[in-house]
Structure formats: C-alpha cells, structure tokens
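Reading through the structure tokens given below for one structure.
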Amino acid sequence: MFFSNVLVQSLLLSGAGYFAWANPITRENGGQVGTPIGHNVNASEFPGTVPEAEIKVAINNAVVKPAAPSLTSDETEALRLHNAARAGKGLPPLVWDAKLAASASAWAQSLKNSNSFEHSSAVSRPNQGENLAWNSSPSTPINNPLTLGTQQWLSEAKYYSGQTMPGANFANYGHYTQIMWKTTTSVGIASANNGKGAYWTVARYSPPGNTVGQKPY
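Residues in the sequence shown are numbered from 8 upward in steps of one, following our numbering.
Here it is in structure tokens:
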C-alpha cells in the first residue's frame with residue numbers, strides 16, 4: 008500500500024494463551040487441539056486500508072504525553088492508547104509489566120531472526136495472551152512501531168459489536184477484544200527490526216483474553 012512516498016505493509020495476528028474450554032477452539036496459539044479460526048498470514052490481516060493520516064501520526068509524531076522515567080516514549084504512548092480505549096468502556100487501566108515486555112521482546116527477536124510471522128506456542132507463554140503486528144516501510148523509518156501496532160489493533164473496534172467469543176468475524180476484531188478484555192490487568196510490548204525497514208511488534212497480556220463463550224466487557 009502506498010501512502011504518499013511511504014510504502015507501508017502490515018500484518019496482524021492475535022492469539023490467546025489459553026481458552027477456558029476442555030476442547031478449546033483456537034487460532035495460532037500453540038497448537039492446541041480444536042477447530043482452528045483461520046488467519047491468512049500471506050496477506051494483510053488488517054481489514055481495509057490504513058488511513059494515510061494514521062500512518063503519518065504513527066511514523067512521524069512522537070508522543071502525546073511525556074514518557075514515564077522507566078518507559079520509552081513509544082512504550083508510554085502505546086500504553087496510553089490501550090488505557091484510553093479501555094477507559095472509554097469503563098474498564099480499569101492496564102499496568103506495564105517489564106517481564107511481559109521482556110518476553111515480548113524475545114519473541115519479536117525470534118521472528119526477526121527467522122523472518123517469519125507466527126504466534127509463539129501457548130506452552131512458552133503460560134497465562135499470556137499475544138497480539139502481533141508486522142510493518143514495513145523501507146523508505147521512511149518507523150520511529151514508533153509499538154504505537155503504530157496499537158493503533159492498528161484498536162482500529163478494529165468498528166468490527167466488534169458485542170459478539171461472544173469467537174464470533175464469525177473474529178479475525179477482524181480479535182486484537183481489539185484482547186486489549187479490551189475485562190480481566191486482563193497487565194501488558195508488555197516490544198519490537199524488533201531487521202535494519203531494512205521491517206518491524207515485528209509483539210504485545211503480551213496477562214491474564215489472557217478472548218476466552219471462548221465470553222465477551223470482553
């Protein structure tokens with residue numbers, strides 16, 4: 008997709024750490040036995056076109072609020088966006104968890120090193136949900152990949168209309184519902200880049216959301 012002179016390609020994946028089912032329905036979440044919810048990892052999973060204005064904000068702008076001393080500006084803004092969306096539904100804010108961020112960073116580095124785009128196994132991330140985003144902009148650096156990924160995940164709100172998990176169009180809103188899951192309390196996000204304009208962004212959530220038979224709020 009071309010946005011002015013910036014080529015931005017995007018992929019998204021959402022996966023819960025586990026489901027509260029003896030025989031769970033799953034998507035790319037570690038090979039649990041069940042009926043798969045399909046994702047096409049060979050094409051963009053971000054529904055529709057990302058508006059040019061959103062891309063410019065994510066790539067060129069820094070932060071809306073000053074960063075906390077322990078967080079980078081990108082981490083601060085990604086967390087702010089998560090909690091602003093949750094506040095809009097009367098949900099408590101998420102807290103930043105350094106261990107989740109370290110876990111997310113390790114998987115982002117693994118994806119970068121293998122040049123792949125897939126969820127980690129559920130066994131490797133017990134009690135953690137996972138959102139993934141892949142973005143590439145060869146000509147213009149992506150200065151805020153965590154903010155960009157969060158904006159993309161939250162933009163799925165328009166596709167969610169109160170369905171019980173997993174609805175027929177789960178792939179269109181699964182990232183959003185994980186962010187908004189009522190019992191999730193903490194988050195950590197990290198990214199890795201290959202030096203050629205591609206960024207793998209991983210968010211880890213605890214406790215995980217998108218539990219079969221439930222709603223996020």
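Using N, Cα and C, we set each Cβ at its ideal position, and we do this for glycine too. Just so we're clear, the structure is a prediction, and the values are computed from it rather than from any experiment.
Open item on the list: Per the DSSP calculation, residue 155 is bridged to which residue(s)?
Closed with: In the DSSP assignment, residue 155 is bridged to no other residue.
TODO: Please report how far the alpha carbon of residue 107 lies from the alpha carbon of residue 146, in whole angstroms.
DONE: If you take the alpha carbons of residue 107 and residue 146, they lie about 31 Å apart.
Open item on the list: Going residue by residue through the region 161–221, where are the continuous alpha helix (DSSP H) segments of at least 4 residues, counting only ones entirely within it?
Closed with: For the region 161–221, whole alpha helix (DSSP H) runs of length 4 or above, ordered along the chain, are 177–186.
TODO: Note the first and the last residue of the continuous alpha helix (DSSP H) segment covering residue 88.
DONE: Looking at the DSSP string, the run of the alpha helix (DSSP H) that includes residue 88 is 80–95.
Open item on the list: Can you list, in chain order, the residues of its chain with a C-beta nearer than 6 Å to that of residue 65? Leave out the 5 residues immediately preceding and following it.
Closed with: Confidence at residue 65 is low in this model, with a pLDDT of 48, below 50, so its placement is unreliable and the value that follows should be read with caution. So the list reads 151, 154, 155 and 158, once near-sequence residues are dropped.
TODO: Return yes when the Cβ of residue 102 is within less than 9 Å of the Cβ of residue 198, no when it is not.
DONE: Not closer than 9 Å, so no.
- [ ] Please determine, among 212, 182 and 222, the residue with the shortest C-alpha to C-alpha distance to residue 196.
- [x] If we check each option's Cα against that of residue 196, 212 comes out closest.
- [ ] Take the Cβ of residue 136 as the centre, count every other Cβ of all protein chains shown within 10 Å, and call the residue buried at 16 or more, exposed below.
- [x] Classification for residue 136: buried.
TODO: For the alpha helix (DSSP H) containing residue 112, list its first residue and its last residue.
DONE: Residue 112: member of the alpha helix (DSSP H) spanning 105–121, first to last residue.
Open item on the list: Is it buried or exposed, residue 169, if we count other Cβ atoms within 10 angstroms and call 16 or more buried?
Closed with: Exposed is the label assigned to residue 169, since fewer than 16 other Cβ atoms lie within 10 Å of its Cβ.
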